[in-house]
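Residue numbers (our numbering): 1316 to 2101.
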């Protein structure tokens, strides 16, 4: 591959000095703010873009320069403001949706087809807060012209840390987040809290750098102009003097001339080649394209649109926006867009900012992956003193990584058990990482480092094409010369070990076993079910702790669950090798061929929320599931993390013949159903549901009724076994915990037993379990695990 000639874009582009997003800070326990969701018409830098020619060589598509952007935004800012609150505060955000009402054709009749891009809501990613009502509720929608006030009460014991917020309305999440609708959310400790990571010597009081990485996509908006070609115009006086939405391309004495009238008839451009000397490649490409279409006139519509688009780009009339989901999101689209469309990973809305730090001073970087799809691998590489970032012969010294490295102290807003020295911070969408960085400079000159993205095996070597190299640069770090003072000391392991973290989840606390499979085939789904807000949720019990097994059928997917963080226990590869992990997270990459074991407890909050893939275009297309936490006095049905042997019994059936559990068990599985009484209407409805169900071979259903058999029960031609517990104390009901001793009353129960007589799933309640199909689905999943 030949080297691309470096042009003057680096000297033209003035790297901005690093800044965090505008900060809004709570006062007296409340942060009361507003966010206007509105189109932002702004100027933005687009680097040189490239295409590959027939020899697979990179050729210039568009020269670097300032372009017109029209993007959805918060408060017409390229990145949302940073919200800074304390544990125990109330965060009140007044959403004002000022986006226009969409045309009917922009609304899809299919739930999991991206649609309705101007609806919105608000999600506080990683916060342990209520998902109900007007708190962190992503199941509601704020439509154009509407306003809505979110009020989020942050618990007093909430861990301080790095979090973020973003739009999260299903069908439009990826479009809005990729437009920049996201912001940092920092939880500070309560005053006087000496258990937080912020109180550790070496962390307390250090300078902070919030880095919200965003992967902003934009594409040219069709100009919609009519095209008029004049291949033999004698001079400019012969060109049209008026028009409405008209683009004229003329050839005068062998040179191209452009005259454009906007939709209102105003002349918006009148320029020749000599006026556009900084865009020779673009003009030459247009000249070659026109060779085949100078008369006849008119030319085919598709070719006319391509010529108008090229003219708009050359003249700076094109507006770049994000409206076409299909063109912006696909596997491999982001890497291609960096080369072909000039897309860059921004930091707080800035392209390759300059971060200035003092030699030897510890800096706390709060990294947030607020992008939509691709991994970011943050690495540092020093730049030799004699070179500068604008130097054409810049030798990127990738091998000489700073010996001091980086110290990771927290992930997903939760402190690690010990600092981790590393040369790479791997971030997937939704991830956060708090990192201490200390760079020293004992020379008399400013030293420079590249903060770059090492994902995708990008080479920073000078021989690599700039088209591939430049997109990897995230920021430039300038380290000022040392003033003779000693470097800051790293935090000690002893001090770090005293930091407060979530309470461990021991084996004895784990009750249920949840299985989540993120699927691409046959459609994007969770456990084979595309997202349905009205479908059967995963129902969990408040106060309980469960083990979760996370897998995927294809590819890699960042799994994220709202409200409650989880403890990443271990991962097991396809060869059966298990690697312990031991870290708290709220987002975790799940790779194909590996099973991930995590544990979580459901604390404090009830209500509906979601889990989903944090590749947001996957979420928009159905890879999401509703989760419901309930405060039930009994046991919500669940698969058990630790199956146990069911109590044996022998009871009379309807004919008075004694039957043992062993006698009645199915060859593969048995559904054991406990009835509250023989005459209750709900029990009869349950029996009817089970009677009408199609039961697979190898599965048997056995009902246990309280008391001696009553006349007419269970009815003629009943297809399942029924036995009767007529003991005075309802001994079998008690053995299976289906008995309320305080009221001396039986309870409803449903149990799945495997062929060894072990209880694998159970629910105990004051209401009968009606969903026989759910039990059969659970049995099918268990069958695949055996």
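All residues carry an ideal CB built from backbone N, CA and C; glycine is no exception.
For this session: Within its chain, find whatever has a CB closer than 7 Å to the CB of residue 2047; leave out the 5 residues flanking it on each side and keep chain order.
Result: Here the set comprises 1964, 1966, 2019, 2040.
Exercise. Under the three-state reduction of DSSP, which class applies to residue 1408: helix, strand or coil?
Worked result: In the three-state reduction of the DSSP assignment, residue 1408 falls in the strand class.
For this session: May I ask which residues mark the beginning and end of the alpha helix (DSSP H) holding residue 2099?
Result: That run of the alpha helix (DSSP H) goes 2087-2100.
Exercise. At which residues does the beta strand (DSSP E) containing residue 1964 begin and terminate?
Worked result: According to the DSSP assignment, residue 1964 belongs to no beta strand (DSSP E), since it is labelled neither H nor E.
Problem set entry | Residue of 1560, 1434, 1482 minimising C-alpha distance to residue 1461 | For residue 1461, the nearest C-alpha among the options comes from 1434.
Exercise. Alpha carbon to alpha carbon, how far is residue 1526 from residue 1481?
Worked result: Going by the C-alpha atoms only, they are around 15 Å apart.
Exercise. With DSSP run on the structure shown, which of helix, strand or coil describes residue 1342?
Worked result: For residue 1342, the secondary structure class from DSSP, reduced to helix, strand or coil, is strand.
For this session: Indicate whether residue 1925 and residue 1941 have their beta-carbon atoms separated by less than 8 Å.
Result: The beta carbons of residue 1925 and residue 1941 sit closer together than 8 Å.
Exercise. On the three-state DSSP scale, how would you describe residue 1444?
Worked result: Three-state result, residue 1444: coil.
For this session: Using three-state DSSP, classify residue 1484 as helix, strand or coil.
Result: Judged by DSSP in its simplified three-state form, residue 1484 adopts coil rather than helix or strand.
Problem set entry | Unbroken stretches of the beta strand (DSSP E), 3 residues or longer, contained in the stretch 1540-1620 | Those beta strand (DSSP E) runs which fall completely within the stretch 1540-1620 and span 3+ residues are 1541-1545, 1561-1567, 1570-1576, 1582-1587.
Exercise. Just the Cα atoms here: how many angstroms apart are residue 2008 and residue 2087?
Worked result: Going from the Cα of residue 2008 to the Cα of residue 2087 covers about 7 Å.
For this session: Determine which residues share a DSSP beta bridge with residue 1397 and list them.
Result: Looking at the DSSP assignment, residue 1397 forms a beta bridge with 1338.
Exercise. Any idea what DSSP makes of residue 1304, helix, strand or coil?
Worked result: Nothing about residue 1304 can be reported from this structure: the residues present for the chain run from 1316 to 2101 only.
Exercise. Among 1589, 1625, 1596, 1599, which has the Cα closest to the Cα of residue 1563?
Worked result: The candidate whose alpha carbon is nearest that of residue 1563 is 1625.
For this session: Could you tell me the distance, in whole angstroms, from the CA atom of residue 2003 to the CA atom of residue 2012?
Result: Straight across, the Cα-Cα distance linking residue 2003 with residue 2012 is about 20 Å.
Problem set entry | Cβ-Cβ distance between residue 1561 and residue 1576 below 8 Å | Cβ atoms of residue 1561 and residue 1576: closer than 8 Å.
Exercise. What is the DSSP secondary structure of residue 1909, counted as helix, strand or coil?
Worked result: Correct three-state label for residue 1909: coil.
For this session: In angstroms with no decimal places, state the Cα-to-Cα distance between residue 1806 and residue 1729.
Result: In a straight line, the C-alpha of residue 1806 is about 17 Å away from that of residue 1729.
Problem set entry | Whether residue 1944 touches residue 1911 by CB criterion (8 Å) | If you check the CB distance, residue 1944 and residue 1911 do not come in under 8 Å.
Exercise. Where do the N-terminal and C-terminal ends of the beta strand (DSSP E) with residue 2069 fall, by residue?
Worked result: For residue 2069, the uninterrupted beta strand (DSSP E) segment begins and ends at 2063-2069.
For this session: Compute the Euclidean distance between the alpha carbons of residue 1908 and residue 1982, then round it to the nearest angstrom.
Result: Rounded to whole angstroms, residue 1908 to residue 1982 spans 31 Å at the Cα level.
Problem set entry | Inter-residue spacing [alpha-carbon to alpha-carbon] between residue 1600 and residue 1608 | Whole-angstrom Cα-Cα distance: 13 Å.
For this session: Identify the continuous alpha helix (DSSP H) that holds residue 1976 and give its terminal residues.
Result: Here the alpha helix (DSSP H) through residue 1976 covers 1976-1979.
Problem set entry | Nearest candidate by alpha-carbon position, reference residue 1748, set 1585, 1499, 1854 | Taking only the C-alpha atoms, the option nearest residue 1748 is 1499.
Problem set entry | Rounded Cβ spacing between residue 1476 and residue 1502 (contact assumed at less than 8 Å) | Contact flag correct, Cβ pair sits at about 6 Å.
Exercise. Buried or exposed: residue 1513, going by 16 or more other Cβ atoms within 10 Å of its Cβ?
Worked result: So residue 1513 ends up on the buried side.
Exercise. Exposed or buried, what is residue 1766 when buried is set at 16 or more other beta-carbons lying within 10 Å of its beta-carbon?
Worked result: The residue in question, residue 1766, is buried, as its Cβ has 16 or more Cβ neighbours within 10 Å.
For this session: Determine the closest residue to residue 1379 out of 1797, 1546, 1656, 1551, with distance taken between C-alpha atoms.
Result: Ranking the options by Cα distance to residue 1379, first place goes to 1656.
Exercise. Taking C-alpha atoms, which residue in 1933, 1854, 2058, 1558 lies nearest to residue 1643?
Worked result: Scanning 1933, 1854, 2058, 1558 for the CA closest to the CA of residue 1643 turns up 1933.
Exercise. What are the start and end residues of the beta strand (DSSP E) that includes residue 1970?
Worked result: Per DSSP, residue 1970 belongs to no beta strand (DSSP E) and is neither H nor E.
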